[in-house]
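K.L.:
Have a look at the structure that comes next, please.
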Amino acid sequence: MAKKAEVKELLEAGVHFGHLTRKWNPNMAPYIYMERNGIHVINLYKTVAKIEEANEALKKIAASGRKILFVATKKQAKDIVAEKVANVNMPYITERWPGGMLTNFVTIRKAVKKMAAIDRMKKDGTFMTLSKKERLQVDRLRAKLEKNLGSISEMTRLPGALFVVDTMREHIAVKEAQKLNIPIFAMVDTNSDPRPINYVIPSNDDASKSIDVIMTQVTNAIAEGLAERKAEKSSSSEGADVKAKEATPPAAAKAEEKPEAVKEVAVKEEAAAAEVAVEEKAKEVAPKAEKAVEAKEESPAKKAEKATEADNLTKIEGIGPKAAEALTNAGIDSYAKLSKSKPEKVKEILAEASSRMAHLDPTSWPKQAKMAADGKWDELKEWQDKVKAGVE
C-alpha cells in the first residue's frame, strides 16, 4: 500500500503557495484557504483529499491496462516528470506539445512508425547504402523524432487519461482531451481555471519540490495499479494450469503409473473406445452434414445477395462509407455485432480511425442494427423517417 499524502509533507514542499492575489482565477476560490502578503494560500486539507481521489482513479485506469499520458513542458517540471513517469513505463510529453497529438493521432503514429523504419534500416544494413549526406539527414530526422515523440513510441492507441502540470501552459492538450472525452487529471494553481479538469489537484505548479511530491504520490498509485494487474494475470494463468490438470483423463494418469505391458493394454483399450466415440460422433454429425449440403445447393447469387444485405452497415442512419469501413476493420461487420456494441466503444473506434469522425453520434446505431438483424426493415424505415422529421 502506497504511503498517503500528509499535510505536513505538502507544507514542507511548498505546495500551499499560490499566485499573487491580482492574478487569481475566481473559480479557484473553494480551494483557497487565505491571503497572506498579497499571495493566495491553498487549503492543503482539500489538496490531500483531491490527491487521494485522483490516485484511486489513476490506480483503476492503470489496472485496466490503459496508458496515462503525462504532459509537462515547463523547465522546472520536465526532468522530474520524465524521471518519475519512466519508472512506471507510461508515455509523457516534456518537449513542445505536437498539435493534434490526440485529435489527429493517426498522423502522429505515422511519425512514430517512421522512427521505427529508420531503426530497421540501421539493423538490416540499408542505412549504410545511403550517401554520407543522406545518412546525416536521416540521423538528424531520427534525433528530432526521438526528442519529440520518443516517449510515446509504445502508445499504440489513445490514452485512457491525461495528466497535466500547469493547465494554462498546456491549454491545447486540455482542449484536445476535452474533445475526445478523455479524463483530465491536473495540478491546478490559483491562477488557473479548474472547470475543464475532471480531477483537480489544487497545488503550486511552479516549484520543483511541489511538483516532485505530487508526482511521487501519483506514480506510486499507478505502480500499485500495475502490480494489481500483474497479480491478476499470474493468478488467472495459474488457474488455467490447474483446470488443465483437472481435465486430464484418469485413464491416462493411471497409465503413467503402470508397467510397460499394462500400458500397452490400456492404450489398446483407449483406441477401441476412441473408435466407438468416432462412430457415435459420425451418427450425430450425419444429419447436420445433410442440412449443410442442402444449404450449399442454394444459388450463389442468392447467397451473395444475402451477405451484402446483412453486411451493408450504411443502411443504418448516420453511418457513411468511411464509418462502415472503420467499423468493419474493427471487427463489427454485421448488424448483429453492431446491435451488441456499446456506443462509447463505437465512438472510440471512429475517433481512432479518423479525427473527422469523432463528432459522429452512434447512440442510436445499436437500436437500428437490432431492427435490421431481426429483419424488421419496415419498422426501421418508419423509425428513420420519424427521426428525419424531428419526431424523435
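Its first residue numbered 686, the sequence shown is counted upward by one per residue in our numbering. The beta carbon of each residue, even a glycine, is placed where N, CA and C say it ideally should be. Please read these numbers as outputs of a predicted model, since none were measured by experiment.
Just list the residues that DSSP pairs Y777 with in beta bridges.
P.N.:
In DSSP, Y777 forms a bridge with F755.
K.L.:
Secondary structure at G1003, three-state DSSP: helix, strand or coil?
P.N.:
DSSP places G1003 in coil when its eight states are reduced to three.
K.L.:
If I follow the unbroken beta strand (DSSP E) through M872, where does it start and stop?
P.N.:
Looking at the DSSP string, the run of the beta strand (DSSP E) that includes M872 is I869 to V873.
K.L.:
If we ignore side chains and look at the alpha-carbon of each, how far apart do A757 and T841 end up?
P.N.:
So the two alpha carbons sit approximately 21 Å from each other.
K.L.:
Consult DSSP for V700 and reduce its assignment to one of helix, strand or coil.
P.N.:
In this structure, V700 counts as coil in the three-state DSSP scheme.
K.L.:
Taking only three categories from DSSP, how would you classify M786?
P.N.:
The answer is coil: DSSP assigns M786 none of H, G, I, E or B.
K.L.:
What does the alpha-carbon distance come out to for the pair R827 and I793?
P.N.:
Cα-Cα distance, rounded: 14 Å.
K.L.:
Here's the rule: buried if 16 or more other CB atoms are within 10 angstroms of the residue's CB, otherwise exposed. What is P844?
P.N.:
P844 is buried by the Cβ-count criterion.
K.L.:
Would G1005 and T999 qualify as a contact pair, given that the criterion is a beta-carbon distance under 8 Å?
P.N.:
A contact, by the Cβ cut-off of 8 Å.
K.L.:
Along the chain, where does the beta strand (DSSP E) that runs through P881 open and close?
P.N.:
Looking at the DSSP string, P881 is not in any beta strand (DSSP E), and its letter there is neither H nor E.
K.L.:
With DSSP as the reference, identify every bridge partner of E887, one or two as the case may be.
P.N.:
Here residue 887 turns out to be Pro, not Glu, going by the sequence shown. Paired residue(s): V873.
K.L.:
To the nearest angstrom, how far is the alpha carbon of K1071 from that of H701?
P.N.:
Spanning the two alpha carbons is a distance of roughly 57 Å.
K.L.:
Helix, strand or coil: how does DSSP classify L830 here?
P.N.:
Helix, per DSSP.
K.L.:
Contact between the region 704 to 724 and the region 797 to 816 is defined here as three or more beta-carbon pairs at a separation below 8 Å; is this criterion met?
P.N.:
Short answer: they don't touch.
K.L.:
Where does A846 sit, in a helix, a strand or coil, going by DSSP?
P.N.:
In this structure, A846 counts as strand in the three-state DSSP scheme.
K.L.:
Can you check DSSP and say which residues form a bridge with E720?
P.N.:
Answer by DSSP bridge pairing, in chain order: H725.
K.L.:
Grab me the residues of A992's own chain with a C-beta within less than 7 Å of its C-beta, minus the 5 sequence neighbours each way, in chain order.
P.N.:
Note that A992 scores a pLDDT of 41, beneath 50, so its modelled location is shaky; the value from the coordinates is reported in the next line. Hits under 7 Å: none found.
K.L.:
Measuring alpha carbon to alpha carbon, tell me which residue in V849, S920 and S919 is nearest W782.
P.N.:
Taking only the C-alpha atoms, the option nearest W782 is V849.
K.L.:
Just to confirm my understanding: we take I765, look at its own chain, exclude 5 residues before and 5 after, and list those with CB closer than 7 Å. What are they?
P.N.:
S893, I896, D897 and M900, listed in sequence order.
K.L.:
Can you tell me the Cβ-Cβ gap for F812 and Y777, rounded? I've got them flagged as a contact below 8 Å.
P.N.:
Going by Cβ atoms, the distance from F812 to Y777 rounds to 28 Å, so no, they are not a contact pair.
K.L.:
Taking just the CA atoms, how far does I869 sit from E737?
P.N.:
Cα to Cα, the separation comes out at about 15 Å.
K.L.:
Look at the alpha carbon of H856 and the alpha carbon of E1067, and state the distance between them as a whole number of angstroms.
P.N.:
Their backbone Cα atoms lie some 45 Å apart in a straight line.
K.L.:
I'd like the span of the alpha helix (DSSP H) that includes D836, first residue to last.
P.N.:
One detail in the question is off: residue 836 reads as Ser in this sequence, not Asp. S836 -> no alpha helix (DSSP H), and no H or E assigned at all.
K.L.:
Look at the alpha carbon of E831 and the alpha carbon of N772, and state the distance between them as a whole number of angstroms.
P.N.:
Each residue's Cα considered, the two are about 19 Å apart.
K.L.:
For L1012, write down the residues that DSSP places opposite it in a beta bridge.
P.N.:
DSSP output for L1012 lists no bridge partner at all.
K.L.:
Give me the Cα-Cα distance between R825 and E780, rounded to the nearest whole angstrom.
P.N.:
Cα-Cα distance, rounded: 17 Å.
K.L.:
Do I867 and L743 come within 8 Å of each other at the CB atom, strictly closer than that value?
P.N.:
No, the Cβ-Cβ distance between L743 and I867 is not below 8 Å.
K.L.:
By Cβ distance, which residues of its chain are closer than 6 Å to N740, with the 5 residues on each side in sequence left out?
P.N.:
Counting only Cβ-Cβ distances below 6 Å, and skipping sequence neighbours, we find A906.
K.L.:
Could you give the first and the last residue of the continuous alpha helix (DSSP H) run that contains I1034?
P.N.:
From DSSP, the alpha helix (DSSP H) with I1034 extends over P1028 to A1038.
K.L.:
Report back the beta-carbon spacing between E1064 and F790 to the nearest angstrom; my notes put them in contact at under 8 Å.
P.N.:
Incorrect: roughly 38 Å between the Cβ atoms, too far for contact.
K.L.:
By the three-class DSSP mapping on this structure, what secondary structure does L705 have?
P.N.:
Looking at L705 - three-state DSSP - the assignment turns out to be strand.
K.L.:
Taking the continuous alpha helix (DSSP H) assigned at D1046, which residues delimit it?
P.N.:
Per DSSP, D1046 belongs to no alpha helix (DSSP H) and is neither H nor E.
K.L.:
Any heavy atom of the ligand HEM closer than 7 Å to the beta-carbon of M713?
P.N.:
What this structure holds is no ligand at all, so the ligand HEM is not there to describe.
K.L.:
Hey, P881 and Y716 are a contact pair by Cβ (cut 8 Å); roughly how many whole angstroms apart?
P.N.:
Not confirmed; about 15 Å, so no contact.
K.L.:
With a CB to CB cut of under 8 Å and the five nearest residues on each side skipped, what residues in its chain are close to E691?
P.N.:
Within the same chain, E691 has close Cβ partners V733.
K.L.:
If you measure between the beta carbons of Y1020 and A1043, is that distance less than 8 Å?
P.N.:
Against a cut-off of 8 Å, the Cβ pair of A1043 and Y1020 comes out as no contact.
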